[in-house]
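Numbering (my numbering), first residue to last: 688 to 1090.
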C-alpha cells in the first residue's frame, strides 16, 4: 500500500503541471472538497455581478425595453449558440429553455412523428432501461400520446432490439449512477440503419467530454446546464435539432414563442424556421442570463473540451489509484468502467451503508452524493477540481470507512 505522503506529493506535482489549474480562481469555492459538480456545478465568481446588472439595470431601469435593447428576446438562440461548440454542433441548432424533462418530451414525440411520416408500422419506442427515472416517465407518456409501445432495453441491447417497428430510441450518453459512457457514435449509426431516430440525453456529458453531435449525425439531443456547465440551480435546459430535420420538427408543445409571427396573435399555429421551433413560452430571463454569464468561463481562456476531457480522465484515474491505496480491500467496489472509452467524468463506488458514509464524508468536508441503494458518487469537474482534492477525498473516505 502506497504511503499517503507519496500520493499527496504526486498530487502536488500534478496540480503544478495542470494547464487548467488557474481556472479554479474563477469559481466561488472554499476549503470543502467539492465533488458533486455532476449534480450542481460551482458558482462562477463573476456571475453575481452580471445577475445584479440584469436585475437592477435591465429589469429595474429599462424594464420592457430590455426585450429588445438587452437582447432578452433572442437569448434562447444566442445562449444555444454558446453551448453548441461544447456539444460538437454548429450554430443555429441549439435553443435554450424549459427543463430537461420538457425537452425530452418535445424531442421524443417529434422523433416519433417524423418516423411515422417516413412510413407505416413505426409504433415502438426503445428507452434506456437504466435511465434517470424522469426520462422513463416522459418516454411512457410520449408512447401513450403517439400510440407506441414502450420497450425498455439496456444500451448494449439496443442493436439487437432495433427493428422495422422502431420509431425512436432515447438514450443517456453517460449513466447517472455508474458513470458509464455509452457508445454514441455506434448506437446512433445502428439506430439510423434501422430507419429510426436517435434522441440523446447529454446531462452527464456536456461540458465534461466531447460529444460530437454533428459529426455523428445525432438527430435530437437534450441536456441540462446546471452540472458541468455551471449554470446554477434550475438553470434552463437545451434542445438540439439537427439542421436538416428542423423543417420537419413538429413539437408537441407549440407555443407563441415558436410561432412564425409571435406577435401576430393569430389563432392558427405556424411554426417558425430553424431551432426556434423548440421554444414554447416566455423564457426564464434571470436564470437564462445567469447561465449565459457562466458560459464565459469557457471563452475567457479558450478552454477546449479536449483539454477538459484529458484532465477528467487523469483525475478519475488518480482517484481510483488513491482509493486502491488508502481504502482497505473489500470495503468499496468501483462500478465505473476502468476503460477510458467507457467512462464519463464521475466515479461510482458501491459501498455498504453508502448513505451514512456519504453523510459522514460531507461532515468531514468532502462533498459527493449518494444513490440508492449502495452507490457513492463522486463527480469531477476539471474546471475547478484539482489532484489534491482527489487525494484528500480518497484519504477522508478511507478514514471514514475505518470508523
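Glycine included, each C-beta is placed from N, C-alpha and C at the ideal position. All values derive from a computational prediction rather than experimental measurement.
**Request:** Locate the beta strand (DSSP E) running through residue 1035, then write down its first and last residues.
**Result:** 1033–1038
**Asked** In chain order, what residues of the same chain have a beta carbon less than 6 Å from the beta carbon of residue 772, not counting five sequence neighbours either side?
**Response** none
**Asked** Which word fits residue 1045, buried or exposed, when buried means at least 16 other C-beta atoms lie within 10 angstroms of its C-beta?
**Response** buried
**Message:** Residues in the same chain with beta-carbon distance under 8 Å from residue 876, minus the five sequence neighbours each way, listed in chain order, please.
**Reply:** 903, 904
**Prompt:** Hey, out of 811, 818, 850, whose CA is closest to residue 834's CA?
**Reply:** 811
**Asked** Alpha carbon to alpha carbon, what distance is there between residue 1038 and residue 1062?
**Response** 6 Å
**Prompt:** What residues are listed by DSSP as bridge partners for residue 925?
**Reply:** 783, 910
**Request:** Under 8 Å by Cβ, that's how I've got residue 862 and residue 817 pegged, so tell me the actual separation to the nearest angstrom.
**Result:** 6 Å
**Message:** Quick check on residue 946: does DSSP put it in helix, strand or coil?
**Reply:** strand
**Prompt:** Apart from the five residues just before and just after residue 688, which ones in its own chain have a Cβ nearer than 6 Å to its Cβ?
**Reply:** With a pLDDT of only 44 at residue 688, under the threshold of 50, the placement of this residue in the model should not be trusted; the figure read from the coordinates follows. Cβ neighbours of residue 688 beyond the five flanking positions: 1012.
**Request:** From the DSSP output, in three-state form, read off residue 894 for me.
**Result:** coil
**Prompt:** Considering residue 1086, what are the terminal residues of the alpha helix (DSSP H) in which it resides?
**Reply:** 1074–1088
**Message:** I need the DSSP call for residue 741, collapsed to helix, strand or coil.
**Reply:** helix
**Asked** Contact check, residue 874 vs residue 842 under 8 Å by CB: the rounded distance?
**Response** 6 Å
**Prompt:** Do residue 853 and residue 813 come within 8 Å of each other at the CB atom, strictly closer than that value?
**Reply:** yes
**Distance between beta carbons of residue 924 and residue 942, contact taken as under 8 Å** = Wrong, their Cβ atoms sit about 16 Å apart, outside the cutoff.
**Message:** Please return the same chain residues whose Cβ sits closer than 8 Å to the Cβ of residue 731, not counting the five positions on each side in sequence.
**Reply:** 713, 714, 715, 917, 980, 981, 983, 984
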